[in-house]
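Worksheet: the structure to be examined is printed underneath.
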Amino acid sequence: MKYVCSQLKVISMTRKFLVMIIFLSLLKVSHAHQFQEKHININHPHIKFTIPSGPAAGYMKIVNMGYEIDRLIGIEVTFADAELHFTEVKDGIAKMTKVDHIELPAQKAKSLKPGNHHIMFSNFKIDLIEGTNLEGILIFEFAGQISVFFEVEKQNSNLDFTEH
147 MKYVCSQLKV ISMTRKFLVM IIFLSLLKVS HAHQFQEKHI NINHPHIKFT IPSGPAAGYM
207 KIVNMGYEID RLIGIEVTFA DAELHFTEVK DGIAKMTKVD HIELPAQKAK SLKPGNHHIM
267 FSNFKIDLIE GTNLEGILIF EFAGQISVFF EVEKQNSNLD FTEH
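In this text, residue positions in the sequence shown follow the numbering used here: the first is 147, and each later residue adds one.
Okay, structure coming up:
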């Protein structure tokens, strides 16, 4: 009987430990910087800058959980001009071009990142302050408009290609 009581205490402590681990995991997820609307999930939208007056680049991961291709076709912000861009690096030189959309394959994640697709912010009406959040609206062909907050981060690397 003493052995059974001892096992029950171990099981009880193990359950409490697992519940605590799950709770801490959920706490971390609940503070994650993500937005979801319909079949689109947007993870960690952020703006990287080198000087507070810009220009700057917007990055994030967009997951299309739908069964059809969707496209990011625009962005609206009040604090700057914003365009969808693609960076191509040839012979060590980064060349950015404006694009009309960014294709989001079905059931896949698309990262907007340095050296690839991104949002180009220019002609700022404000100074960028690290740690602040700036509101924007991402416009998708099928999912429609999704409001997000861009977390402002200082650029830590020259590989971010935030300047033309």
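A virtual CB, placed ideally from N, CA and C, is assigned to each residue, including glycine.
Model, not experiment: these values are computed from the prediction.
Please state if the CB of I265 and the CB of A240 are separated by a distance shorter than 8 angstroms. no
Apart from the five residues just before and just after S293, which ones in its own chain have a Cβ nearer than 6 angstroms to its Cβ? I283
With a 10 Å radius around its C-beta and 16 neighbouring C-beta atoms as the bar for buried, classify D246 as buried or exposed. exposed
How long is the line joining the alpha carbons of I275 and E299, rounded to whole angstroms? 8 angstroms
What would DSSP say about I239, mapped onto helix, strand or coil? strand
When we look at the beta-carbon of S176 and count the other beta-carbons within 10 Å, is it buried (16 or more) or exposed? For S176, the pLDDT reaches just 38, beneath the cut-off of 50, and the residue's location in the model is therefore unreliable, leaving the point undetermined.
Can you grab the Cα-Cα spacing for the pair E281 / I221, in whole Å? 11 angstroms
Considering only DSSP beta bridges, list what Y205 is partnered with. H192
Collapsed DSSP secondary structure at A226 in the structure displayed: coil
Would you call the CB atoms of I186 and F286 closer than 8 angstroms? yes
What does the alpha-carbon distance come out to for the pair N302 and F288? 35 angstroms
Cβ-Cβ distance between K244 and Y205 below 8 angstroms: no
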